Structure formats: structure tokens, C-alpha cells
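Read through the structure below, which is laid out as C-alpha cells, and then see the notes.
Protein chains in written order, with the numbering used here: chain L, 1 to 490; chain S, 491 to 980.
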């Protein structure tokens, strides 16, 4: 494709995307494809001869578009809603064209230094101390993996050289709450500690880690010769967005000399708001923190910001410079080479889109969107609370509402004899599953679910920049309509 | 930014990029920035109020463009040259706008299934057997990490649950050649085996792993109670693009029941050529292989294709489904959920650009570019060979030439008395370093270096789709001119 053809097709795509951004609601938010539809619709082998971009794009529209679940649709309320905003998309377009690979400062001074600038801005907006150095990874899973790898480096003698096998080492322990994210499980498996090295500390009635239980678990482990390695505090758990008591956990970690990693992948953004600044109270003595701008900061996937007060431990674990990557500026210590901070050698120019988003929205614009999403969630929560057929199943500290349809109108707190209660719960789980499927099949909204205290719970997550009160009202209407229909049919 | 503004600025960017692709040579290929230039030129804090895209883009041009090293410049001959081709850039533009996050089939049937289709096409083009299942990661570092994590899962009893510490486990060993990539070092560190668990097997005069030495190392380890875990064979090492004897290594691994991972990140693409199909001879009994389309297949970073005959071992290591990610189609086993294959939960729609590149180039177009690059490298190698002032330092099986300026004209094989030889080598190393800096400062080309047998060696890596004989001739001319100037000055 020469430059003239790129220009032509680029303009066509920009128009297609502008139309898409203008009217995403023309598509059902959740794909209606069946498994295998796309595989069956496409040839099993690559074409021998070049094909025109027109032919490729026609197949994109015909075969792939029906297979999209529209994360960029304002009715996307599942998991954590996200937004590819205009400046974020344009940033990615430039990133692709420039094809920077910022392993070394030399291979992209712009990507290397803009990462420092953009993460400095974000750090200030969130109120993180300047003692936190930042680096961009692809996902929170990889950020948390690096936090635990650094904690291992800091705690286990000579682990980089000698590893963990065939040595007279104790067992190590990592702690997180029962509500913490599965990326922590994957990270402890990855770094060789084993899944059983992860202790999931019980939560209180608001799904927050019980710090007394954490302290007790640490004490019991120490008594048994098990060495505490790291604690992960969640600021915004995935199911309910609960916030672990960070300061109390930080106090324990400081006293016990345990690495404290804060998983604020979703909710960390809210620390920009004066009303929510307190969610990071105590963070100054944490060792590391992850926040994902591709979740609630209007930046397309992928961009995960990892902040660390001890980035030298990350470098001690992974920095390694083969001859062919030596540079005079690197040898002189005059620059930071991104390849030194972590396992990946290749680094995409992810800072560009984040920088463009922060400038285009401005700090005030970011705060307005975040506050608006939280306000919308509070309104939805108030409708749930006011309706006897629905029950809220968790507090709503941010923009995610956990609720449940309980058509017998007795509320979650209803006291029934245990066997009847069991049967009732099973029936309600099934009814809520049917309700989830029904509203998702409408094509207008997409919500997801979780389980809390063993019960099937619906989740409505607000986070798309274009989501308005109309979308949220419509979601509530759909839930009521479909609930009524299901009730008529049973 | 509303849709109208996106349309306006999108068109402006497309025009800017088309101009860039048309005439990348207006920029010096290697940035002339000094460390800190960009940090100093930008504000230390995010703006409070939204800024216009015009203002943002003006800063992009003023501050960031001078800090770019132009990977998309046809004079980029460093490391492994790469190309962001038109269809690849347009694919990334769509990926950003659609913002698919393909952790589950449900969250993007299109991204999930197109990944399977695109990797099937690539597998066939490279002549890999259908027994290899594919998955896309971000980088070869992460692909190789997963290969070794899967090998660990397959070999170490109950490692997922119990880890490596405080157990009566033997030590494990991983083997690669002395020329293999540093991502292997990082992977063995990451998974807790420790850096010393990596044995670097000596290479022959053509920088290929010595299989007798590999067999001997394995035997010695077994005799000492150390358990061989994995061998990494390189098809295209980073310094010289040497190809390890894959079939002989595969025979050893099969006999010894050792996981064989093939690092074909750069050179695997060349297996598409009938002339180079043999480089993967024996691959059918390998366990896994990585090839990076963002290296020599004209696709923007990042996209790494990981193929595995035992993907269930990857899933056994990492699959883990929290309640909120359960779906009926997943429970029924009707779909593949990408989150199960590896550590990352979030998955970007990377297959789209790869699929667009394969269709836009066609298999014939991909082969033509690869063959042309190899042909250009052979011509450059022939010029080096014909010039008594330069010496080729390694065979040139693909598109990378390793050479050295030896202005005394005696050639690398010159026999000198040892003390004199040492002094000569030191002087030649310094001269070649000066030559590297001089040609890179020209702005017309960017080459990199390595060390072979202790000697500083220049590398010219051809791989950009727009690189022609004129660029390669010009590189040779620049090397000669600057060598002459340096010689005059000493």
C-alpha cells in the first residue's frame, strides 16, 4: 500500500470511525454471534495474491463487525466499562505509524521521556508522592506480576541468580483479600511461589479486607516459619469496587517489613476527585501501585501505569544488557532504558495516547467525567434501594452497582427457615441469570454478574465517557420490563 | 472530542502520516536529541483545562518529532529493522477505535476467532504442522516466558499449587546457545529457576549451537541430579541470525523428554520462502515456537505469535476463572477464552492488523519482500567481501550482515603475534565504534553493533518494506566515506 492508497483508505476509515463514534448504538452492544461464525466465514488459508483494501474492509464489515462486542458503546455496563476516546484513538494511530520500539532511550527518546512526563502528570493528579517512579506495562496482570517479582527480589536472598529450587529456603506467603483479583493468583504461580502461597484474607460486610485477620495470618505464618513476602491491598475490587483499609494495611506492612502493592487498576483514577482522595490514604508507605488508564481514564487498551517506590528492585530482578544493546548514554547512566524495568524488551509508545487524553480532557474534564459516573451510579443505586423487588448487594463507593432481583419482595435480609432459604437462593440465582441473559439479548445494554456470599449478583458498571442518565435510566427500565416478563412466564 | 472533531483531526492526521510514509527521509533516522530534552520542554503537570487538539499536535511536532528514532525510515538498519505498513497502521487505527478487550470469547468473538484464523494462516505460510495451536502475546519476551512456564508446569510435580520453595525438589536446567536472546535469561529469572539454571552451550564457527556440547551438558547435569527442563533453539540469533541445528536438537530433546522451544522471533518469517523452508526442519517435534510479525512481517508493534503443541500445559499453568468471568459458552467448552492461555487477562485485538497485512500483501507479496531483503543483504555482504579494508564477521543466512572495518587491510584471519594482536583488536574496536557513531550521526542511516568472539562488530539489518538497493548502496558509501575521514584524522 503506497502513501496515496494509505491516504485514501485512511480517510475512509476516519469517516467510518467518526460515524461509529457518533452513533455506536446502531449496533447491539453484546455480539449476537455464535461460536465459530467467524472462523467458518473466512478462508482457511491466506490469499496467494495481494487483495485490495476495499475487499479487506468489506469483509471486516460483513464478517467481523457482527462479531464485535461494543466496548465503545455507552450501554456497555459489564466488567469495568471503558472508553476509547477521540484523542486516545488518534494517539494510537500515530503510535502505529511511528512504530517506536522504546527498549532503549536511543531507540525512542520521545517514547522514553514522554512516558516519564505522562506518568508524572498522572501521579500528581492522583496525589501520589513523587517518591513513586512510574513505568508503563500492557496490563495490570503484568504490573502486579512485576510488583511480586520485585518483592521476591527484595526478600529472597540471591533469588535472581539461584532461584527457588533445591535451596534451603523457607516457604513464602502473599496475602490479599477474598475479593482480590485473579491476576494475583496468576502472578504467584508465575514467579514460582505456587498458588497455595496466596492467603486470601476474609472481608468484612462491605467486602473490605479484615486487617485483624491479616495481622493474625501473618503472625501464624511467622510462628510456622513461613516468611511473609507481600500484601496486595485492593482499592476498588473487581466484584464490588470495595476499598481495603489501606492505611491500616500499610501500618502492618511497615511494621512487618512486607512489600505492599496496591491494586487500584480501576478505582485509582477516582483519587483525582477531592471527594475520593481518601481512598489512597496511607499510600505513601506502599511500595507499589497499579492504575490502568485503559479502564477509567478514557484511553484505549492497552496501558497500565505501574508506580513503585523501589523501582531499583524491579531493575535488580530484570535489568540485563547484552552487548548489542549497549549505548554510550546507557553506560554513562545518563538515561533510563525502559527495557531495564521488567521482563519485556519491546516497549510500544503507549504514553502518547495517555498524554493526548490528559491534555484533551484536561484535569478538570477527567474529574468531571469521573464525578458524573459516580453520580450516575448513585442514582441507579437509589432506584434499586427504592424498589422492593430489587436489593442492593454491596455499597457503591464508585461507579459500579451490585444488585439482585428478588421478586418475592422480601429483600436480602429476609429471614426464612434454612431449607426454604436455600431453595429460595437457588431459585433467585436462576432468575437473576435469566434476567441477565434477557437484558443482554436486548442489544441495548450489556451487564455482567458476580457472586457475593454465594449469591448470584448483577453488576452495572458505569464508565464510558458517552454514557448519560438516559442510558442508565434505560438500563433500569429494561431490567424492570424483562423481570416482569420473566415473572409472567414462571 | 466529539465525532465531528474526531473526523476533522483524524483527516489531518491521516494526511500527516501519508506525508510521513511518502517521505520519511526528511528526518534523521536516529534522533539527535540529548537526554532530557523532552522532559525539559514539557510542563511538569497536566493542564487543568482541556486543550485543543491543534495545540496538542503542535507540541507533538515541535517537541516529540525531534525525539523520534525513525523505525519506519528505510535507512533504519539497526537491531532488526521493522515496518509499520499501511494496512498494519489502518488495522491498529480500527483496533484502537473498537477498543476490544478479548479476555473472553463473549467480550469479543471477532478478536478471539480472528486470532485463530490469522495464526492459522501464518502457521501454514511458515510450514508449521497443524498440531501447533497459536496465541498472540505482546512480545517475544512474553512468548518465551510462557514457553518456559509451560515447560515448568509439565516437568515439576504440582508446581502450580506448591511452587518451588521449601520442597524437596531437584535443581532444574534450561539450555540455549551462547548466542541466544536475553529474553531467555529474564524468563528463567521470572519463573523462579534462577539465572544460574541457564546453561549457555558453546557455538560453532558459524555461531550455531554445538549439539554435542548440548548432549554433554545434559548428561553431566543428569549425572549430578540436575533435571533438564527445556532447550531453546534459535532460528535466527540476534547478533548474527545464525540458525541452530534444529533437527539434531529436536532429536536430543525427544530422546531426553525435554521441552523444546524455538526462538524464531525474527527469522521464522523466512520459512515462507522455498529457499529457506529448511530452517524449520525438525520443528514438528518441537513443543513451542515464537515468531514476531512486528519484526519481519510488516506489522506495527506489538504482535508476537506463540505456537505450541501442548497449549494445554500453558492453560494448566494459568487458566483460572473467577465467578465474574464465567459464561455459559465457556462452561460448555464451546469456545476458547484467550485469558486462559497465559498470565495476561486483558487481550488487545492484535490479530486485526496481522490479518489485514497478510491479505494486503498476499503470500506472494510477503515472500517477495523477504526474498528481496535477503538478496539486498547478500549484495552488501559481497561488497564487504570484495573490499580488503572490511571483513565479514559471520555468515549471512538472512538479511543481517555482520562486518568490521579493518583498515590495515589484513582481514580478520591475519596472524599477528598475540600482544600485537591484542593491541590491534582494541584499536579496531575503537575505530569501529567511531565509524558507527559517524555514520549514525549522518542522519541517513542507523546501524547497530554487537560483539563476536570478543570483537566489536557492525551490523546492518535489512527489513523495512521500503528499503531499496539505493538505501543499501548509500549505507555502504557512507561507511566508506566516514572510514576514510576517520583514517585521515588518526
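Every residue, glycine too, gets a C-beta built ideally from N, C-alpha and C.
As the structure is a prediction and not an experimental result, all values here were calculated from the model.
Practice task
Please work out which residues of its chain come closer than 8 angstroms, Cβ to Cβ, to residue 252 of chain L, disregarding the five sequence neighbours upstream and downstream, and give them in chain order.
Solution key: 211, 214, 215, 218, 231 and 258
Practice task
Check the Cβ-Cβ distances between residue 531 of chain S and every residue of chain L, and say whether any is below 7 angstroms.
Solution key: no
Handout entry: Closer than 7 angstroms to chain L by CB, residue 676 of chain S
Key = Closer than 7 angstroms to some Cβ of chain L, the Cβ of residue 676 of chain S qualifies, so yes.
Exercise for the section: Return no unless some Cβ of chain L is closer than 7 angstroms to the Cβ of residue 562 of chain S. Expected result: yes
Problem - residue 843 of chain S to residue 627 of chain S span [Cα, whole Å] - result: Here the C-alpha atom of residue 843 of chain S lies approximately 14 angstroms from the C-alpha atom of residue 627 of chain S.
Handout entry: residue 473 of chain L versus residue 376 of chain L: straight-line alpha-carbon distance, rounded
Key = Those two C-alpha atoms are separated by around 9 angstroms.
Problem - Partners in chain S for residue 296 of chain L, counting only beta-carbon separations shorter than 8 angstroms - result: What residue 296 of chain L touches in chain S: nothing, since even the nearest Cβ is about 13 angstroms away.
Handout entry: Under 7 angstroms (Cβ pairs) to chain S, residues found in the segment 120-154 of chain L
Key = 120, 121, 124, 125, 138, 139, 141, 142, 145 and 149
Practice task
Rounded to whole angstroms, what's the CA-CA distance from residue 476 of chain L to residue 189 of chain L? Just pull it up for me.
Solution key: A straight line joining the alpha-carbon of residue 476 of chain L with that of residue 189 of chain L spans about 41 angstroms.
Exercise for the section: Spell out whether any CB of chain S is found under 7 angstroms from the CB atom of residue 513 of chain L. Expected result: Given a span of 1 to 490 for chain L in the structure shown, any question on residue 513 of chain L remains unanswerable.
Practice task
Measure the alpha-carbon distance for residue 938 of chain S versus residue 730 of chain S and round it to whole angstroms.
Solution key: 12 angstroms
Exercise for the section: Report all residues from its chain with a CB closer than 7 angstroms to the CB of residue 486 of chain L; omit the five preceding and five following residues, and keep chain order. Expected result: 431, 434, 435 and 438
Exercise for the section: Compute the distance between the beta-carbons of residue 797 of chain S and residue 635 of chain S, then report whether it is under 7 angstroms. Expected result: It is not a contact, given that the beta carbons lie outside the stated cut-off.
Handout entry: Contacts of residue 337 of chain L in chain S (Cβ-Cβ under 9 angstroms)
Key = Close partners of residue 337 of chain L in chain S (Cβ separation under 9 angstroms) are lacking, with about 11 angstroms as the shortest Cβ gap.
Practice task
On a CA-only basis, which of L:235, L:183, L:62 and L:329 is nearest residue 37 of chain L? Give me that one, please.
Solution key: L:62
Practice task
Measure from the C-beta of residue 851 of chain S to each C-beta in chain L and report whether the shortest distance is under 7 angstroms.
Solution key: yes
Exercise for the section: Evaluate residue 682 of chain S with the Cβ neighbour count: other Cβ atoms within 10 Å of its Cβ, from every protein chain shown; 16 or more gives buried, anything less gives exposed. Expected result: buried
Exercise for the section: Count the CB pairs spanning the segment 96-112 of chain L and the segment 324-332 of chain L that are closer than 8 angstroms, and state whether there are at least three. Expected result: yes
Exercise for the section: Rounded to whole angstroms, what's the CA-CA distance from residue 263 of chain L to residue 184 of chain L? Just pull it up for me. Expected result: Take the alpha-carbon of residue 263 of chain L and the one of residue 184 of chain L: they are about 9 angstroms apart.
Exercise for the section: Look at the alpha carbon of residue 568 of chain S and the alpha carbon of residue 861 of chain S, and state the distance between them as a whole number of angstroms. Expected result: If you take the alpha carbons of residue 568 of chain S and residue 861 of chain S, they lie about 19 angstroms apart.
Exercise for the section: Check the DSSP bridge columns for residue 402 of chain L and list the partner residues they point to. Expected result: L:459
Problem - Straight-line gap, residue 113 of chain L to residue 452 of chain L (C-alpha atoms, nearest Å) - result: Those two C-alpha atoms are separated by around 44 angstroms.
Problem - Under 8 angstroms from the C-beta of residue 61 of chain L: neighbouring residues of chain S - result: Near residue 61 of chain L there are no residues of chain S at all, since even the closest Cβ is about 11 angstroms away, more than 8 angstroms.
Handout entry: Within-7 angstroms CB hit, residue 224 of chain L to chain S
Key = Taking CB atoms only, residue 224 of chain L has no neighbour in chain S less than 7 angstroms away.
Exercise for the section: Give a yes or no on whether 7 angstroms exceeds the smallest Cβ distance from residue 902 of chain S to chain L. Expected result: Only weak support is given to the placement of residue 902 of chain S: the predicted model assigns it a pLDDT of 48, under 50, and the value that follows is read from those uncertain coordinates. Closer than 7 angstroms: no.
Handout entry: Contact with chain L by residue 883 of chain S, beta-carbon distance below 7 angstroms
Key = So, not an interface residue.
Exercise for the section: Residues of the segment 555-584 of chain S with a CB closer than 9 angstroms to any CB of chain L: list them in chain order, please. Expected result: Taking 9 angstroms as the Cβ-Cβ cut-off against chain L, the residues of the segment 555-584 of chain S that qualify are 555, 556, 557, 558, 559, 560, 561, 562, 568, 569, 572, 573, 574, 575, 576, 577, 578, 579, 580, 581, 582, 583 and 584.
Problem - Cα-Cα separation, residue 847 of chain S to residue 788 of chain S - result: 7 angstroms
Practice task
With a threshold of 16 other CB atoms inside 10 Å of the CB of residue 396 of chain L, please say whether the residue is buried or exposed.
Solution key: buried
Handout entry: Buried versus exposed call for residue 992 of chain S [16 or more other C-beta atoms within 10 Å across all chains shown]
Key = This structure cannot settle anything about residue 992 of chain S, because the visible part of chain S is limited to 491 through 980.
Practice task
Report buried or exposed for residue 161 of chain L, applying the criterion of at least 16 other Cβ atoms within 10 angstroms of its Cβ.
Solution key: exposed
Problem - Same chain, Cβ closer than 7 angstroms to residue 481 of chain L, neighbours up to 5 away in sequence not counted - result: none
Problem - Contained alpha helix (DSSP H) runs [length at least 4] in the segment 4-76 of chain L, N- to C-terminal order - result: 37-41 and 53-59
Exercise for the section: Check residue 881 of chain S in the structure and name its three-state DSSP category. Expected result: strand
Exercise for the section: Please confirm if residue 311 of chain L has its CB atom under 7 angstroms from at least one CB of chain S. Expected result: no
Problem - Nearest neighbour of residue 737 of chain S, chosen from S:770, S:615 and S:940 [CA to CA] - result: S:770
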